[in-house]
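Undergrad: Can you keep this structure in mind? I'll have questions shortly.
Number of protein chains: 4
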Amino acid sequence: MQTSKTCVVVGAGPGNGLSLGRKFTGEGYSVALLARNPKNLANLKSDLPEAHTFECDVTQLGSTQKAFDDVRQELGPIDTLLYNAGAGVFGSIDDVDAEAFEQAWRTNTLGAFNCIKTVLPDMRSQGGGTIIIIGATAAKRGGARFAAFASAKAAQYNLAQSLARHLGPEKIHIAYIVIDGVIDIPRTRQRMPDKPDEFFLDPNDIADAVYDVSQQAPSAWTFEFDVRPYCETW
Amino acid sequence: MQTSKTCVVVGAGPGNGLSLGRKFTGEGYSVALLARNPKNLANLKSDLPEAHTFECDVTQLGSTQKAFDDVRQELGPIDTLLYNAGAGVFGSIDDVDAEAFEQAWRTNTLGAFNCIKTVLPDMRSQGGGTIIIIGATAAKRGGARFAAFASAKAAQYNLAQSLARHLGPEKIHIAYIVIDGVIDIPRTRQRMPDKPDEFFLDPNDIADAVYDVSQQAPSAWTFEFDVRPYCETW
Amino acid sequence: MQTSKTCVVVGAGPGNGLSLGRKFTGEGYSVALLARNPKNLANLKSDLPEAHTFECDVTQLGSTQKAFDDVRQELGPIDTLLYNAGAGVFGSIDDVDAEAFEQAWRTNTLGAFNCIKTVLPDMRSQGGGTIIIIGATAAKRGGARFAAFASAKAAQYNLAQSLARHLGPEKIHIAYIVIDGVIDIPRTRQRMPDKPDEFFLDPNDIADAVYDVSQQAPSAWTFEFDVRPYCETW
Amino acid sequence: MQTSKTCVVVGAGPGNGLSLGRKFTGEGYSVALLARNPKNLANLKSDLPEAHTFECDVTQLGSTQKAFDDVRQELGPIDTLLYNAGAGVFGSIDDVDAEAFEQAWRTNTLGAFNCIKTVLPDMRSQGGGTIIIIGATAAKRGGARFAAFASAKAAQYNLAQSLARHLGPEKIHIAYIVIDGVIDIPRTRQRMPDKPDEFFLDPNDIADAVYDVSQQAPSAWTFEFDVRPYCETW
């Protein structure tokens, strides 16, 4: 029998994805982790055995619909969607070709569109829901070396804002978290071996902030919030 | 013996001020409520007997320093400052004279400057602290009928952002909450008798959101977050 | 012999495209008008016989490269690029399917990327150039009924900002005009027959503003500017 | 007999003030230069003998009203107001005391309020007018070392935006120029002797940009525009 709420984490990797899954599991949610790469899913499953894992390519509407159908079948209707998928395509316009430019948009923006299109009927039939998109400072600022990433993140942000205005009155809470800084995962530590601990955002702390916003009462919903390490220069 | 943390709420009235005081009291803080008007303070004291009340005109540096000295004497060093003072001077440039225009700035902006100047030594000597400023959408948008209020709130917002950048590395967390909508207090209910309940922000929900941010781990501090009712048109 | 400067207007229709073409022609530029639709091009040619017209589908890199090669062959190296292409896909997420959502991005954002990629070598070999992108308020605000358009325009805006930072030092001036309102063309007049003249933006006035920015001295280049009718409510 | 239009430049010094005065004089305006310091005015008069100079402390409403009365008496009703007054109070909250914090606001913000209050009847009786405020990037971003300046400039910006919305329909054009960088005047050159020419904004180029916006047709008015040197890092 399905009693707990269901949370889907899209774009589950060893950083935010795992921490979000762990946090929402710990708070009593049934958690589905979606990722494209089966090996990543196997690793996540071994780190968080309570989670349910599903292969999904969010840039394909068919793949997305199938994964969400499977989630519903296994865990019941979806209450919370945390969209963490995002291709980090970095570099200036000279470094990025049209294909990579498009890939950044497909993963960050079109994937969010596809997932949200797919979960809306569920949330509507339940009288509400929560969708939080994991964003970045690049959504608010087009840096010289972020031609593709900043463009895709801005597209994702404005989509989120449009949805927040459109879906709020249906009690579907849309929020966007602007992550400003480098997340503490093995890959970033290896790339920046000289940085002290406090340089990094702890993904567990990000997950706590996301969880807090997901629990807000509807009289005072947050749409946008930023997080950064206390010692970040910004 | 002083064991609990001390939270000062500046600009304490029957809405946010009381709810913030109640929330932080409930979470174990010693709470000082500061207001200019002794009658308001007496009402607050009767609503929240655990709170400590202090008269203070934040637009006067001397009055501010005296009030904070009294708080320290009674409750020990200050950990958390919640700045809620704010003169709501509304109208276009045709409705507002130079005096009212100045008053809006003195209460919203200069008062925040004075209070923060005054608590900084305390927070520094303790190795950190938390300052959250209660702002409004007018900080981000100068509407036609908000010549004074939007100007003052923008001044308050940019001051807060400057402080966040400057004080973050000293582990002093500055945050700014953008309240978008009308708060549910007797005065606003009387002015808008036809509005349904869900039109209003519940100040207790605002206080919950402020409290969540005040407890964030320093690897993922929020500077800015907005709150509005789910059915708000924005 | 090629003596005048060459300006390419991409996305030439009966509004901004024609007015930009006319303005830059009048100021002594050789003007190339690019559009996908041959019938539109024929109409433009009859309205502005001095212009040179070229078929081009900017969402296809190959088509874009061919069109710009033809422009260069006929008119010499390109000094100024005015990007006016933009699919106006309107409606909330409920009104827009994944295909239309993608089309909005391809025309507004990917097309700009393709054109700019293509002209950069020209501008670099000449030691500079000017690129002005015709944007809209939706770039800065995700309205409920603008899920696709606001997302695409934000993507376009952040791309432009990244380019401005990256290419400024090479004396390539990138600017973004935020058009706030409805442009006066036969189609909009028919759709809004009751609106008075002053409700509309005159595309000739937009062209004047774009021209002014294109002529700025490099010590004081504008990146972003908005235009709206004096009586617009915003 | 008064035939030319009248332009008032408030806060006239050797940089923007002089350049604005020269530009508008050259374009046929009668120009009044207002400053607090009589010695500055004498220097300006010797640099630009066609200008009319008036002493004025814009932080005092009485002084402002008297100066504008004198301008009107000498040059006729005022068409254009360029507000360039601004105290550059720099430093973090630790460097700035309450008095300096207030001074920054009085000069940048209250002074603009006083001047605009004073010219509005003139502009209304003539059926329109133009007011352009000389702003800075600090209006949009509160840097750590700009506690007072960024707060005052944000207050000035939001005031301007409120006025633009309120006064546009009366054909009074309000615009705000965001200057991003260091202006080329003797004082800044002395302070930064190692910087190359292209590091600086030429105030004559700023004046050209301001003039362009002042001449826009009312169907396409700009409210906000930025200017920066082509090689500025931003």
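Residue numbers (the working numbering), protein chains in the order written: chain X, 2 to 235; chain Y, 2 to 235; chain G, 2 to 235; chain P, 2 to 235. Cβ atoms here follow ideal geometry from the backbone N, Cα and C, with glycine treated the same way. Only a predicted model underlies this, so the values are computations on that prediction, with no experimental measurement involved.
Is there a Cβ from chain G that is less than 8 Å from the Cβ of T110 (chain X)?
TA: With 8 Å as the cut-off, T110 (chain X) counts as an interface residue toward chain G.
Undergrad: So, at 6 Å on beta carbons, what are the nonlocal neighbours of I79 (chain Y) in its own chain, with the 5 sequence-adjacent residues on each side left out?
TA: Within the same chain, I79 (chain Y) has close Cβ partners T7, V9, V120, D123.
Undergrad: Can you check whether the CB of P204 (chain X) is closer than 8 Å to the CB of I184 (chain X)?
TA: Yes, they are a contact pair.
Undergrad: Whose CA, out of X:C232, X:D227, X:K46, lies closest to the CA of D198 (chain X)?
TA: Answer by Cα proximity: X:C232.
Undergrad: With DSSP as the reference, label C116 (chain P) as helix, strand or coil.
TA: Helix, per DSSP.
Undergrad: With a 10 Å radius around its C-beta and 16 neighbouring C-beta atoms as the bar for buried, classify M2 (chain G) as buried or exposed.
TA: Note that M2 (chain G) scores a pLDDT of 41, beneath 50, so its modelled location is shaky and nothing firm can be said.
Undergrad: Can you tell me whether DSSP reads M2 (chain Y) as helix, strand or coil?
TA: No answer about M2 (chain Y) holds up, because its pLDDT of 41 lies below 50 and its placement is not dependable.
Undergrad: Please tell me whether N159 (chain X) has its Cβ less than 8 Å away from any Cβ of chain G.
TA: Yes, N159 (chain X) lies at the interface with chain G (some Cβ there is under 8 Å from its Cβ).
Undergrad: Count the C-beta pairs between the stretch 49-66 of chain X and the stretch 150-166 of chain X that are closer than 8 Å, then say yes if the count reaches three, no if not.
TA: Output reads no: the stretch 150-166 of chain X does not touch the stretch 49-66 of chain X.
Undergrad: For E225 (chain P), count the other beta carbons within 10 Å of its own beta carbon; 16 or more makes it buried, fewer makes it exposed. Which is it?
TA: By the neighbour-count rule (16 or more Cβ atoms within 10 Å), E225 (chain P) is buried.
Undergrad: Taking the Cβ atom as the reference point for each residue, do G143 (chain P) and Q162 (chain Y) lie within a distance shorter than 8 Å?
TA: A contact, by the Cβ cut-off of 8 Å.
Undergrad: Taking CB distances under 8 Å as the criterion, tell me whether M2 (chain G) reaches chain P.
TA: With a pLDDT of 41 at M2 (chain G), under the threshold of 50, the modelled position of that residue is not reliable, and the figure given next carries that caveat. No, because no Cβ of chain P sits closer than 8 Å to the Cβ of M2 (chain G).
Undergrad: Report the rounded CA-to-CA distance for I94 (chain X) versus R229 (chain P), giving the unit in angstroms.
TA: Distance between the alpha carbons of I94 (chain X) and R229 (chain P): 21 Å.
Undergrad: Going by the beta-carbon positions, is the gap between T240 (chain Y) and G130 (chain Y) smaller than 8 Å?
TA: This structure leaves residue 240 (chain Y) out entirely; chain Y is present only between 2 and 235.
Undergrad: When the cut-off is 8 Å and only beta carbons count, does N115 (chain Y) lie next to chain P?
TA: Closer than 8 Å to some Cβ of chain P, the Cβ of N115 (chain Y) qualifies, so yes.
Undergrad: What did DSSP end up calling V10 (chain Y) once you bin it into helix, strand or coil?
TA: Looking at V10 (chain Y) - three-state DSSP - the assignment turns out to be strand.
Undergrad: Determine the burial state of D96 (chain G): buried for a count of at least 16 other Cβ atoms within 10 Å of its Cβ, exposed for fewer.
TA: D96 (chain G) is exposed by the Cβ-count criterion.
Undergrad: Using DSSP bridges, identify the partner residues of L35 (chain X).
TA: Per DSSP, X:V11, X:F55.
Undergrad: Going straight from the alpha carbon of A208 (chain Y) to that of D58 (chain G), what length do you get?
TA: C-alpha separation (whole angstroms): 54 Å.
Undergrad: Answer with yes or no whether the minimum CB distance from Q217 (chain X) to chain Y is below 8 Å.
TA: Yes, its Cβ sits closer than 8 Å to a Cβ of chain Y.
Undergrad: Can you confirm whether S220 (chain G), when its beta carbon is compared against all beta carbons of chain P, has any partner nearer than 8 Å?
TA: S220 (chain G) counts as touching chain P.
Undergrad: Since I believe V72 (chain Y) is in contact with A33 (chain Y) (beta carbons under 8 Å), could you give me their beta-carbon distance rounded to a whole number of angstroms?
TA: Indeed, because the Cβ distance is near 4 Å, the residues count as touching under 8 Å.
Undergrad: For the putative contact between L83 (chain X) and L19 (chain X), defined by C-beta atoms under 8 Å, what is the C-beta separation to the nearest angstrom?
TA: The pair is not a contact, with the Cβ atoms about 12 Å apart (cut-off 8 Å).
Undergrad: Taking Cβ positions, are D213 (chain X) and D213 (chain Y) nearer each other than 8 Å?
TA: Yes. Within cutoff.
Undergrad: Just grab the DSSP bridge partners of H174 (chain X) for me.
TA: Answer by DSSP bridge pairing, in chain order: X:T131.
Undergrad: Assuming A156 (chain Y) and A101 (chain P) make a contact with CB atoms under 8 Å, what is their CB distance in whole Å?
TA: Wrong, their Cβ atoms sit about 14 Å apart, outside the cutoff.
Undergrad: Per DSSP, what are the beta-bridge partners of W222 (chain P) in this structure?
TA: Note: W222 (chain P) sits in a beta bridge opposite G:R229.
Undergrad: Taking only three categories from DSSP, how would you classify G16 (chain Y)?
TA: The answer is coil: DSSP assigns G16 (chain Y) none of H, G, I, E or B.
Undergrad: Is the Cβ of F102 (chain P) closer than 8 Å to any Cβ of chain Y?
TA: Yes, F102 (chain P) counts as interfacial toward chain Y.
Undergrad: Can you tell me whether DSSP reads F150 (chain X) as helix, strand or coil?
TA: Three-state DSSP puts F150 (chain X) in a helix.
Undergrad: Are the CB atoms of I175 (chain G) and I135 (chain G) within a distance shorter than 8 Å?
TA: Against a cut-off of 8 Å, the Cβ pair of I175 (chain G) and I135 (chain G) comes out as no contact.
Undergrad: Within 10 angstroms of its Cβ, does S31 (chain Y) collect 16 or more other Cβ (buried), or is it exposed?
TA: Buried.
Undergrad: For chain X, find out if any of its Cβ atoms is closer than 8 Å to the Cβ of V59 (chain Y); answer yes or no.
TA: For V59 (chain Y), the answer is no, since every Cβ of chain X falls outside 8 Å of its Cβ.
Undergrad: Take W222 (chain X) and list the residues in its own chain whose beta-carbon comes closer than 6 Å to its own, dropping the five residues that flank it on each side.
TA: Correct list, in chain order: H174.
Undergrad: Could you tell me which chain P residues have their CB closer than 9 Å to the CB of W235 (chain Y), listed as they occur along the chain?
TA: The contacting residues do not exist; W235 (chain Y) stays about 16 Å from chain P at best.
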